[in-house]
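Undergrad: Take a look at this one; I'll ask things after.
Numbering (my numbering), first residue to last: 6 to 464.
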């Protein structure tokens, strides 16, 4: 294979490495060999049928897109099994660890050391405000009466709003009250990788035994199931077994079940059996309370004026808020200096700049899109269905989803539509933008205009 062909595949791998987690990349992409690139055809090889089936089912569209991006042209990719390509050299796919090495024998022999819970994530350390009050109450109810109130409990919300904290607080509460309970907290990505290991090592029965004999199963970022059909099938039966045995299930996600386009309808139905509750962005009073509690826990000598300033300026999520406090406190500790507001702005200029862009709201998006397409904002909100209005309206709906942390139902209220209409518009624009460079440029221009209009509004 010539040097140019090698470069195309190498560059595509670099693209994928930047998108995927290290574990996923090493497990699924690094094991692929490029056999040949001829014109607009590429032949890739893997060592066995298992790799081929899983890649085609889960990662092939992503591979195809990465190759197209780096080559600048459509390339027809074929994936084949050719174990002779791997031989016995160092490029052969590394053998997967046996599933028994991932605590399969009896994962509960050491009950309290193997549930993966962070002891700091408790209800006592969780600050309750208007945006999370209902979710907190539901979590408390599930913790006090597992499987008797809300089962499953499905908590959704944007990044850094406290989903993991609230979920693990349930687990810590159950463990403290009933130490013999079989409690398991796991991310969906880890759940996926353990299932893959079980398939490769013909040990699926051990995997099922591990997860179907649990009193409280908590899976974080369940949206990772989206589009993975084989994994959904396995989780469907695990869910049914636990539910029918009256075991508590708690799930978190960055979106509602119905917003997962690649999720099987029967799983959506089951996720909605219990209670679906949202974690919203905390208001300024709650953010202030969070900072004060964090400062007390860490014994930080930071004045209330500074905490109030941070609460006002950092509003996107709790994680960023606490990170800002830690950065300021670290500077004070290392330099033995007190800081004023001006110094804080210098220390946090990157975060504060990002926050100023994060204050995007749906109304500004509607107005910006209307101006761009020479329409009125009332046209965007109207029931008119002519193409010159309907398409800009769908773009505004798409941008509202991608540029804010708001859910489809909340966005729908601001367009006087239901969440299904917003979801449809978002999917339509996303799908078309994949291959339409003109639309990609339009979206980039609109995002820039929206950010500028937000900056003007906040100045």
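A virtual CB, placed ideally from N, CA and C, is assigned to each residue, including glycine.
Please state the DSSP three-state secondary structure of residue 258.
TA: Strand.
Undergrad: Rounded to whole angstroms, what is the Cα-Cα separation between residue 396 and residue 161?
TA: If you take the alpha carbons of residue 396 and residue 161, they lie about 29 Å apart.
Undergrad: Alpha carbon to alpha carbon, how far is residue 305 from residue 122? Give it in angstroms, no decimals.
TA: If you take the alpha carbons of residue 122 and residue 305, they lie about 25 Å apart.
Undergrad: For residue 6 and residue 40, what's the separation of their Cα atoms in angstroms?
TA: With a pLDDT of only 49 at residue 6, under 50, the local geometry of the prediction cannot be trusted, and the value read off the model is given with reservation. Between residue 6 and residue 40, the C-alpha separation is close to 7 Å.
Undergrad: Less than 8 Å separating the beta-carbons of residue 134 and residue 290?
TA: It is a contact, given that the beta carbons lie within the stated cut-off.
Undergrad: Taking C-alpha atoms, which residue in 284, 408, 422 lies nearest to residue 138?
TA: When only C-alpha atoms are compared, the closest one is 284.
Undergrad: In its own chain, which residues sit with a C-beta less than 7 Å from the C-beta of residue 166, not counting the 5 before and 5 after it?
TA: Excluding sequence neighbours, residue 166 sits near 284, 286, 322, 323.
Undergrad: Decide yes or no for the touch test of the region 183 to 194 against the region 211 to 227: beta carbon pairs closer than 8 Å, at least 3 of them.
TA: Contact holds: three or more Cβ-Cβ distances are below 8 Å.
Undergrad: Can you tell me the Cβ-Cβ gap for residue 143 and residue 158, rounded? I've got them flagged as a contact below 8 Å.
TA: Indeed, because the Cβ distance is near 6 Å, the residues count as touching under 8 Å.
Undergrad: Roughly how many angstroms separate the alpha carbons of residue 276 and residue 352, rounded to a whole number?
TA: Their backbone Cα atoms lie some 43 Å apart in a straight line.
Undergrad: Given this structure, state the Cα-to-Cα distance separating residue 172 from residue 200, to the nearest angstrom.
TA: Residue 172 and residue 200: Cα-Cα distance of roughly 22 Å.
Undergrad: Determine the DSSP secondary structure at residue 305, reduced to helix, strand or coil.
TA: Coil at residue 305, not helix or strand.
Undergrad: Let me know the secondary structure DSSP gives residue 159 once reduced to three states.
TA: Of the three classes helix, strand and coil, the one that applies to residue 159 here is strand, per DSSP.
Undergrad: Taking only three categories from DSSP, how would you classify residue 126?
TA: Coil, per DSSP.
Undergrad: Quick one: using the 10 Å Cβ neighbour count with 16 as the cut-off for buried, is residue 250 buried or exposed?
TA: Exposed, since its Cβ has fewer than 16 Cβ neighbours within 10 Å.
Undergrad: As a quick exercise: from 314, 356, 307, 317, pick the residue whose alpha carbon is nearest that of residue 335.
TA: Of the listed residues, the one whose Cα sits closest to residue 335 is 307.
Undergrad: With DSSP as the reference, identify every bridge partner of residue 192, one or two as the case may be.
TA: 225.
Undergrad: Determine the DSSP secondary structure at residue 38, reduced to helix, strand or coil.
TA: The answer is strand: DSSP assigns residue 38 an E or B state.
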